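Undergrad: Residue numbers (the working numbering), protein chains in the order written: chain E, 1272 to 1598; chain R, 1272 to 1598.
Number of protein chains: 2
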Amino acid sequence: MKLATYQDGSRDGQLVVVSRDLALAHYASGIATRLQQVLDDWNFLSPQLEELSQTLNHGKARHAFAFDPRRCMAPLPRAYQWADGSAFINHVELVRKARGACVPESFYTDPLMYQGGSDDFLGPCDDIVCASVDHGIDFEAELAVITGDAAMGTAPDAAIDAIRLLLLANDVSLRHLIPAELAKGFGFVQSKPSTAFSPVAVTPDELGDAWRHGRVHLNLESVWNGKRVGLCDAGAEMTFHFGELIAHLCKTRNARAGSIVGSGTVSNQDWSRGYSCIAEKRAIETIEGGAPKTEFMRGGDTIRIEMKGADGMSVFGAIEQRVAVAG
Amino acid sequence: MKLATYQDGSRDGQLVVVSRDLALAHYASGIATRLQQVLDDWNFLSPQLEELSQTLNHGKARHAFAFDPRRCMAPLPRAYQWADGSAFINHVELVRKARGACVPESFYTDPLMYQGGSDDFLGPCDDIVCASVDHGIDFEAELAVITGDAAMGTAPDAAIDAIRLLLLANDVSLRHLIPAELAKGFGFVQSKPSTAFSPVAVTPDELGDAWRHGRVHLNLESVWNGKRVGLCDAGAEMTFHFGELIAHLCKTRNARAGSIVGSGTVSNQDWSRGYSCIAEKRAIETIEGGAPKTEFMRGGDTIRIEMKGADGMSVFGAIEQRVAVAG
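Set out below in structure tokens:
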């Protein structure tokens, strides 16, 4: 099933079930009003939502209406946890190579992951509001999962079973603020503003054969200012699968229902597939020509992030944002 | 007023108002059931809670009962944000001096802060469950604030006005996992397990004159295995006040209601005041004698963290935890 959260003026919005083709939606209010509520009580509530989903897909839901992604908040407008991995080691290799640094051997066995702010997510069509273009505004096209409860010490394979929903993320980054925060070693606070998520979150079964052992074997498309800049395979080159990322997160603590875990920038070794963040394009330019040529985003720039299934249909709907520079 | 969250089998517990002397409590259920709900709608709900608080303090609340901290969850059992500063630069100086590193000049103007996990907090009397003593289990006695909404770009002085509640925290740290995570630069994921909080959170007015311009001028006491090891002044030497910490957090993004912001380990230049974390004691030993002598916590160890007001009464109740080593 596919779930979304409609704006209703409240902080958590209103849960809706969305049809597989993203054409129709139906309020879930007879079952649950908020997505977190469903995650808190998944075994009881999700079968009821599945039933509504099937009725909707068969065109038999009596109060269905046209689904409008512009009315969406993030599926979880705020969450108790957002932990973003860097599971595509090719991204790390590229960025490091460009600055003449090597990749420590441990990075191939121990995932990079940072704890992000989760109190104020952006909806799929919300503006990326930044104080200044001097911060080096970049998009990062990613996949993410929303988990149920995963106890401390959960093993990677078992952690796959804790995945309830998948969605897309735009992990907006302020590149020029990153070096100073990296040097402090305490992770990202100012260099990672609000993350945006796709209109819908979907259960793994919606991906069919493309969902295999914690990886999504589909292409993630990034369109910057109307031009496709990336069509990257999100599956084969994901060094750490989502179960491994969740296991990393809950090595010394529990991860509770509603935790969102991100893949990091989707990245492929074949440069002809393009890029899922500008930093990578700049890294390639630096490796090839000694310096970056492509500038980061400016006010008015647009970014569109979408993933299509084997049938050519959009799985999650599109993240479609515009950069708005405040002041 | 003083607020606490009672265990009731649910993930968010049940909001109670607690009397100033921590003797009595009263369910707030006629007004609100969960603390986050109050923070989401502070201006409407907090005056009603204040009224109940006054009735309770005057001994006139009809359904009051004896307050039992052992029945408490963290005031916010889970939160949308936990950002922990390192506002006592003396702590940073000590730890760095012990390992022969200097403190960069920028640390005196730009606070250290990490984003922590906030999906699974511990109550004041919950066990600190760790997989292994080899991780170097340490307590960190801290103050923290819970905020209302603070918009991107809020200035330090204005950010003080966004503070709704204060409380104590035990930011449990796994010291032997920290160096590797620091080296990765992405912050703390595995080295910071669940944080515990004091039984009650209090509005700033409960601190009277001790609350001055974003700092709490009272002593924070740490008792390890029954022995007082620290009685540190939480006010004068706090390099960055809570308004500055909140402003740092929301430089590039909004901080939404219910964000918890921590002070970091309370630390004084006068070593005779003791310590609020074992790492600091070990740093002093290293500076004085070349090597640490004090071991980190073991299974069965206890830690008690409390702060008393000018009247000698406990302000927040005590964090009283025991280390339980799993397996």
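For each residue, glycine too, the CB sits at the ideal point set by N, CA and C.
Just so it is clear, the structure is predicted and the values come from calculations on it, not from any experiment.
In the DSSP assignment, find the unbroken alpha helix (DSSP H) run with N1539 of chain E in it and report its ends.
TA: On the first sequence, position 268 is the one that residue 1539 of chain E refers to. Neither: N1539 of chain E is in no alpha helix (DSSP H) and is coded neither H nor E.
Undergrad: Grab the span of the beta strand (DSSP E) containing Q1592 of chain R for me, first residue to last.
TA: Counting from 1 along the second sequence, the entry for residue 1592 of chain R is found at position 321. That run of the beta strand (DSSP E) goes I1590 to V1596.
Undergrad: Given a cut-off of 8 Å, decide if A1467 of chain E and D1582 of chain E are closer than it, judged by their beta-carbon atoms.
TA: If you number the first sequence from 1, residue 1582 of chain E lands on position 311. If you number the first sequence from 1, residue 1467 of chain E lands on position 196. Going by C-beta atoms, D1582 of chain E is not nearer than 8 Å to A1467 of chain E.
Undergrad: Considering only C-alpha positions, which residue in the set R:G1456, R:K1579, R:S1444 and R:F1336 is nearest to N1490 of chain R?
TA: Locating residue 1490 of chain R in the second sequence gives position 219, where the first residue counts as 1. Of the candidates R:G1456, R:K1579, R:S1444 and R:F1336, the one whose C-alpha sits nearest the C-alpha of N1490 of chain R is R:K1579.
Undergrad: Which residue's Cα is closest to the Cα of T1304 of chain E: E:T1425, E:P1340, E:P1346 and E:R1333?
TA: Taking the first sequence and counting its residues from 1, the one referred to as residue 1304 of chain E is at position 33. Residue E:P1346 is the option with its Cα nearest to T1304 of chain E.
Undergrad: With a cut-off of 8 Å on the beta carbons, I'd call A1597 of chain E and D1409 of chain E a contact; round off their distance for me.
TA: As a working mapping, residue 1597 of chain E is identified with position 326 in the first sequence. As a working mapping, residue 1409 of chain E is identified with position 138 in the first sequence. Between A1597 of chain E and D1409 of chain E, the beta carbon gap of about 17 Å keeps them out of contact (Cβ cut-off 8 Å).
Undergrad: Residues in its own chain within less than 6 Å of V1473 of chain R by CB, not counting five upstream and five downstream?
TA: Working through the second sequence from its first residue, we reach residue 1473 of chain R at position 202. So the qualifying residues of the chain are K1273 and L1437.
Undergrad: Which complete beta strand (DSSP E) runs does the region 1409-1446 of chain R hold, if anything under 3 residues is left out?
TA: 1412-1418 and 1434-1441
Undergrad: Reducing DSSP to helix, strand and coil, say where Q1352 of chain R ends up.
TA: Locating residue 1352 of chain R in the second sequence gives position 81, where the first residue counts as 1. DSSP places Q1352 of chain R in strand when its eight states are reduced to three.
Undergrad: So, for Y1351 of chain E: in the same chain, excluding its five sequence neighbours on each side, which residues have a beta-carbon less than 7 Å away from its beta-carbon?
TA: As a position in the first sequence, residue 1351 of chain E is number 80, starting the count at 1. Around Y1351 of chain E: S1389, R1527, G1529 and S1530.
Undergrad: What does the alpha-carbon distance come out to for the pair V1500 of chain E and G1545 of chain E?
TA: Numbered from its first residue, the first sequence carries residue 1500 of chain E at position 229. Numbered from its first residue, the first sequence carries residue 1545 of chain E at position 274. Spanning the two alpha carbons is a distance of roughly 5 Å.
Undergrad: Tell me which residue opens and which closes the alpha helix (DSSP H) that R1575 of chain R is part of.
TA: Within the second sequence, numbered from 1, the residue matching residue 1575 of chain R stands at position 304. That residue, R1575 of chain R, is in no alpha helix (DSSP H); its beta strand (DSSP E) goes T1573 to M1578.
Undergrad: Using the Cα positions of R1663 of chain R and G1387 of chain E, report the straight-line distance between them to the nearest angstrom.
TA: Residue 1663 of chain R falls outside the range modelled here, since chain R spans only 1272 to 1598, and no answer is possible.
Undergrad: Identify the residues that DSSP records as bridge partners of W1495 of chain R: which are they?
TA: Taking the second sequence and counting its residues from 1, the one referred to as residue 1495 of chain R is at position 224. R:K1498 and R:I1574.
Undergrad: Return the residues of the region 1523-1542 of chain E that lie within a Cβ-Cβ distance of less than 9 Å from chain R, sorted by chain order.
TA: Cβ contacts with chain R: T1523, R1524, N1525, A1526, R1527, A1528, G1529 and S1530.
Undergrad: So I1517 of chain E and T1418 of chain E are supposed to be a Cβ contact under 8 Å. How far apart are they, rounded?
TA: Here residue 1517 of chain E refers to the residue found at position 246 of the first sequence. Here residue 1418 of chain E refers to the residue found at position 147 of the first sequence. Going by Cβ atoms, the distance from I1517 of chain E to T1418 of chain E rounds to 6 Å, so yes, they are a contact pair.
Undergrad: Check the Cβ-Cβ distances between G1388 of chain R and every residue of chain E, and say whether any is below 8 Å.
TA: Position 117 of the second sequence, counting from 1, holds the residue named residue 1388 of chain R. It does; some Cβ of chain E falls within 8 Å.
Undergrad: Excluding sequence positions up to five away, which residues of its chain have a Cβ less than 6 Å from the Cβ of P1464 of chain R?
TA: Within the second sequence, the letter at position 193 stands for residue 1464 of chain R. V1443, listed in sequence order.
Undergrad: Looking at chain R, is there any beta carbon in it that lies within less than 8 Å of the beta carbon of Y1351 of chain E?
TA: Working through the first sequence from its first residue, we reach residue 1351 of chain E at position 80. True, the Cβ-Cβ gap to chain R drops below 8 Å.
Undergrad: Determine, using beta carbons only, whether L1323 of chain E and V1288 of chain E come nearer to each other than 8 Å.
TA: Your numbering for residue 1323 of chain E matches position 52 in the first sequence. Your numbering for residue 1288 of chain E matches position 17 in the first sequence. Their beta carbons are under 8 Å apart, which means L1323 of chain E touches V1288 of chain E by this criterion.
Undergrad: Would I1449 of chain E pass as a contact of V1594 of chain E if the rule is Cβ separation under 8 Å?
TA: Numbered from 1 along the first sequence, position 178 holds the residue referred to as residue 1449 of chain E. Numbered from 1 along the first sequence, position 323 holds the residue referred to as residue 1594 of chain E. Their beta carbons are not under 8 Å apart, which means I1449 of chain E does not touch V1594 of chain E by this criterion.
Undergrad: Give the C-beta separation of T1510 of chain R and A1358 of chain R to the nearest angstrom, bearing in mind that I take them to be a contact with Cβ-Cβ under 8 Å.
TA: Within the second sequence, residue 1510 of chain R is the residue found at index 239, counting from 1. Within the second sequence, residue 1358 of chain R is the residue found at index 87, counting from 1. Contact between T1510 of chain R and A1358 of chain R is confirmed by a C-beta separation of about 6 Å, below the 8 Å threshold.
Undergrad: Within the same chain, show all residues whose beta-carbon is closer than 6 Å to that of A1369 of chain E, passing over the 5 residues directly before and after it, in chain order.
TA: Sequence index remark: in the first sequence, residue 1369 of chain E carries index 98 (1-based). So the list reads A1554, T1557 and I1558, once near-sequence residues are dropped.
Undergrad: D1504 of chain E by DSSP, collapsed to three states: which one?
TA: In the first sequence, counting from the first residue as 1, residue 1504 of chain E sits at position 233. Three-state DSSP puts D1504 of chain E in a strand.
Undergrad: Between which two residues does the alpha helix (DSSP H) holding V1288 of chain R run?
TA: On the second sequence, residue 1288 of chain R is found 17 positions in, with the first residue counted as 1. Premise fails: V1288 of chain R lies in the beta strand (DSSP E), Q1285 to V1289, not in any alpha helix (DSSP H).
Undergrad: Flag K1455 of chain E as yes if its beta-carbon sits less than 8 Å from any beta-carbon of chain R, otherwise no.
TA: Start at 1 with the first residue of the first sequence, and residue 1455 of chain E comes out as number 184. Output row for K1455 of chain E: interface = yes.
Undergrad: Determine the contact status of V1537 of chain R and A1505 of chain R, defining contact as a CB-CB distance below 8 Å.
TA: Counting from 1 along the second sequence, the entry for residue 1537 of chain R is found at position 266. Counting from 1 along the second sequence, the entry for residue 1505 of chain R is found at position 234. Closer than 8 Å, so yes.
Undergrad: Taking C-beta pairs closer than 9 Å, name the residues in chain E that A1402 of chain R reaches, listed in chain order.
TA: As a first step, residue 1402 of chain R must be located in the second sequence, where it is residue number 131. Ordered by position in chain E, the residues that pass the 9 Å Cβ test against A1402 of chain R are M1423, G1424, K1522 and T1523.
Undergrad: Closer than 8 Å, CB to CB, is D1391 of chain E near chain R or not?
TA: Walking along the first sequence from the start, residue 1391 of chain E turns up at place 120. For D1391 of chain E, the answer is yes, since a Cβ of chain R falls inside 8 Å of its Cβ.
Undergrad: Rounded to the nearest angstrom, how far is the Cβ of L1445 of chain E from that of G1407 of chain E, given a contact under 8 Å?
TA: Locating residue 1445 of chain E in the first sequence gives position 174, where the first residue counts as 1. Locating residue 1407 of chain E in the first sequence gives position 136, where the first residue counts as 1. That belief holds up - the Cβ atoms of L1445 of chain E and G1407 of chain E are roughly 6 Å apart, short of 8 Å.
Undergrad: Cβ of P1340 of chain E less than 8 Å from any chain R Cβ?
TA: On the first sequence, position 69 is the one that residue 1340 of chain E refers to. So, not an interface residue.
Undergrad: Who are the Cβ neighbours of D1355 of chain R in its own chain at under 7 Å, not counting the five residues just before and after it?
TA: Counted from its first residue, the second sequence places residue 1355 of chain R at position 84. Correct list, in chain order: M1384, Y1385, G1387, D1442, G1533 and G1535.
Undergrad: Going by Cα to Cα distance, which pick from E:V1363, E:Y1298 and E:V1586 is closest to G1284 of chain E?
TA: Position 13 of the first sequence, counted from the start, is the residue given in the question as residue 1284 of chain E. The shortest C-alpha separation from G1284 of chain E is found at E:Y1298.
Undergrad: Between Q1461 of chain R and chain E, is there a C-beta pair that is closer than 8 Å?
TA: Here residue 1461 of chain R refers to the residue found at position 190 of the second sequence. Taking Cβ atoms only, chain E reaches closer than 8 Å to Q1461 of chain R, which makes this a yes.
Undergrad: When you compare only the Cα positions, how much space is there between S1547 of chain E and L1453 of chain R?
TA: Counting from 1 along the first sequence, the entry for residue 1547 of chain E is found at position 276. Counting from 1 along the second sequence, the entry for residue 1453 of chain R is found at position 182. Their Cα atoms are separated by approximately 27 Å.
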